[in-house]
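The structure appears right after this line, and notes come after that.
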Amino acid sequence: MSTFKVKTWAFILFFSSTAHAGDLIINSMHSDPDVKKAFAQLLDDFKKENSDIKVVLNTTSHEAYKVQIRTWLPNKAPDIATWFAGNRARYFIDKGLVEPIDDVWTGIDKQFSDSIKDVVTFHEKKYLMPLSYYNWGFYYRKDLFEKVGVKTPPKTWNEFTAVIEKLNKASVSPIAIGIKDGWPAAAWFDYLNMRLHGYKFHMSLMAGTESYLDPKVKKTFEVWQSLIKSNAFNKSAAAISWQEASALLWQGKAAMYLMGNFITTQIPKNIEDQIGFFPFPTINPEVPTAEVAPVDVYFIPAKAAHKAEAKKFLAFLAKPETQQKFNQSVKLMPTNFISKTDGGDRFLKAGVETLSHAKNVSQFFDRDADPEVAKAGMDSFVELMARPDDINAISKKIEAVRLRVYKK
Amino acid sequence: MKLFDDSKSAWVFLAPSLVLYGLYVLFPIVFTFYLSVTAWDGISSFPLPICMTNPETSCLSNFKELFEAELFWKSFTNNLLWLVFFGMSPLFGLFLALFFHVKSSFASALKTLLFMPMVFSLIVVGMIWSWFLQPGFGLVDTILHFFKLLPPDQEFGLMTRLGLAPNAGVILAAIWPHSAYCMILYLAGLSNLPKNVFEAALIDGANRWQLLWHVILPMLKPATIIVVIVTMIGALRAFDIVAIMTNGGPANSTNTLALYMYQETFVNFRYGYGASIAVVLFMISVGLILAYLRQIKKGDA
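Which chain is which? The protein sequence lines are A and B, in order. The first sequence begins at 688 in the working numbering and counts up one residue at a time. The second sequence begins at 1388 in the working numbering and counts up one residue at a time.
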């Protein structure tokens, strides 16, 4: 035991510089060059207002961060940590590792939508401060739609399946998807399940309180299965990555792609005008609209040494000016609705429009569900797409993992 | 007068490497065995064995779950496929070594070309092969379409299938650099063989096959032992090329024990369960290698 503790401490001491009163240590997983640069600018602005606080920033790559946070969070934590919302945040909150920040939220909560406030609230307390988020939906080829005589993007499920039929008749692969890494398939499950049965049922399923053997889930799989069987997706799906699938769209080999808005930064210049956006169509008009919109958040670890400074920083993060400046440079949406979204970017504009109709936002399957259930789920979705025969067997596999995880 | 007796000075000189060996090899092995009887999630305080925190369960419940898991047997089967097919690379290596064991600049140039994949990182090898096998516009599909072996609107799609088939692509990719490695080991072995033995055998009237079978192969035995053990270990620890080409997919069709262990530990954060996979993999590896070495010894006696 002692050896292990010593190793842990040695690791922590090595990675955290010596801290004094007035310091603010931030651990970040945003190692992407653009985001890193924008965040450095944000820190500079913060330092201008708070010259007495010395800020120390440790940036780690995404994957390493996800593993390392489990070592430093319960032991010697920084003052601010970047993280995901959803179940991934709830996991640490339920272990008492996150500081509630209701005091930071007082007075500013009118600047955030109910759907965002819902995301940061757990057990009636607010724990997270959101900075940015992005929407999901269909990115499509206007030229291919025109070619088969579709004038406006589909709004309802019937219109949507009609478009698929027309594209298939014209020998254009209707929908691009690459599920080598599993998760792009989960977007389909999220949307179909939310459009068919609503946000509440979907979130109960994610939280482990509903069964995957529920007839509602079966219905979701059936709708998906009929899409697959109608040749809506490219056959190569299981062998290609999401980037390779986007190439199908850029090359005009596929007409639509269900993706997050981050894809718009990769559109080749020569076809930029040909790409449009439309939200996931309505299936049941009686179900209130919910969208997938993962939120990037910041929180104060319960073991943080400088909570007063950390709260100042989160208050600064929440400001409309801060959110506007940061998100304009990284092409994401500010969560504070007083901030303006980059007016020049039509995709961001469409995203804001889409989310303004959403009653709720979900965080994406692998952030909303327990990691083990998410892994089993995504494996099963890939199985369904590769061999759309036995829905019951697929549901049973996920259910078995859910039962094991939630009986603990 | 001696300052130390021999054994004392031996310990002094051994100490630095013993400390390092203990810290980086022995301790992790022992610690992994310990973790395999816990349900550690990597975040709670130091884990106690499962049967101490929950007296109703057995301390070996990780192993019980493992042997009941469909995914374990799937990964195990795939490792067996690796052992059989990846295990053929020593044969290819031997063939290439015999073929190129001549002194000519042309042969050297070819040897260098053949050795190239060994120089690449396995990540690069994996990416090259996944592009080869890319359904629709990969090299394999392009060739099949060009020679009209496949209708233009169809894809070969080896890697999109569920079941054992996609393992073929992954193992083929792994055989490519590994055969080159076996070739180099055999070439080194061949160049160490005394020439006069060959001449003696030829004078005695042995034909080429007899020379190979009765003279060269027995003399290459030390090289063969190394090659076979390296290959067995390579098949059992198959990880990187699988991770880069398929990440175990589609739907775990190409998963291996090593990758399964990684996923349980660092994706699902079940450190205890992951450790139990590591223990099983360790046992299989040690068992196989010991069995092989014993077989070799029997042959010698």
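Glycine included, C-beta positions come from ideal geometry on N, C-alpha and C. Quick caveat: nothing in here was measured; it's all calculated off a predicted structure.
- Per DSSP, reduced to three states, the secondary structure at F771/A is strand.
- Here DSSP, grouped into helix, strand and coil, assigns L1537/B to coil.
- Contact annotation: P817/A and D983/A have beta-carbon atoms nearer than 8 Å.
- D766/A is classed as buried because its beta carbon has at least 16 other beta carbons within 10 Å across all chains shown.
- Between S715/A and M1020/A, the C-beta gap is not smaller than 8 Å, which leaves the two residues out of contact.
- The continuous stretches of beta strand (DSSP E) do not include I1631/B, which lies in the alpha helix (DSSP H) extending over residues 1627-1632.
- Going by DSSP, E1008/A is part of no beta strand (DSSP E) but of the alpha helix (DSSP H) stretching over 1007-1017.
- Around I1612/B, the same chain offers I1683 as residues with beta carbons nearer than 7 Å, after the five sequence neighbours per side are excluded.
- Taking 8 Å as the threshold, the shortest C-beta distance from P1522/B to chain A falls below it.
- Contact annotation, Q798/A with N1023/A: C-beta distance approximately 5 Å; criterion of less than 8 Å satisfied.
- Chain B has no Cβ within less than 8 Å of the Cβ of D766/A.
- Neighbourhood of M1546/B in chain A, by CB distance below 8 Å: A925, A926, in chain order.
- For the 8 Å CB-CB criterion, I851/A and M1072/A do not form a contact.
- Within the same chain, Cβ atoms closer than 7 Å to the Cβ of K813/A are found at P787, I788, D789, W792, V807, the five residues on either side in sequence being excluded.
- It is roughly 12 Å from the alpha-carbon of T843/A to the alpha-carbon of E973/A.
- In this structure, K1046/A sits near A977/A, with a CB-CB distance shorter than 8 Å.
- Sequence-ordered contacts of the region 1064-1083 of chain A with chain B read D1066, S1067, V1069, E1070, A1073, R1074 [C-beta pairs closer than 8 Å].
- Between F1502/B and A1567/B, the C-beta spacing is below 8 Å.
- Per the coordinates, the alpha-carbon of N948/A lies some 18 Å from the alpha-carbon of P720/A.
- Residues of the region 1644-1670 of chain B with a C-beta atom less than 8 Å from some C-beta of chain A are Q1650, F1653, V1654, N1655, F1656, R1657, listed in chain order.
- In chain B, no part has a C-beta under 7 Å from the C-beta of E978/A; the shortest such distance is about 26 Å.
- In this chain, the alpha helix (DSSP H) harbouring P1477/B covers 1476-1487.
- When C-beta atoms of the region 1517-1535 of chain B are compared with those of the region 1583-1603 of chain B, fewer than three pairs fall below 8 Å, so the two segments do not count as touching.
- The DSSP assignment places 741-746, 767-771 as complete runs of the beta strand (DSSP E) inside the region 713-786 of chain A, in order along the chain (cut-off: 3 residues).
- Counting every other CB atom within 10 Å of its CB across the protein chains shown gives E1070/A a total of 16 or more, marking it as buried.
- Short of 6 Å from the beta carbon of M1648/B, and not among the five residues preceding or following it, lie these beta carbons of its own chain, in chain order: G1661, I1664, A1665.
- Here G963/A is not near L831/A, since their CB atoms are 8 Å or more apart.
- Looking at the backbone, the Cα of N921/A and that of L1599/B are separated by about 52 Å.
- Between the alpha carbons of D901/A and N1639/B lies a distance of about 25 Å.
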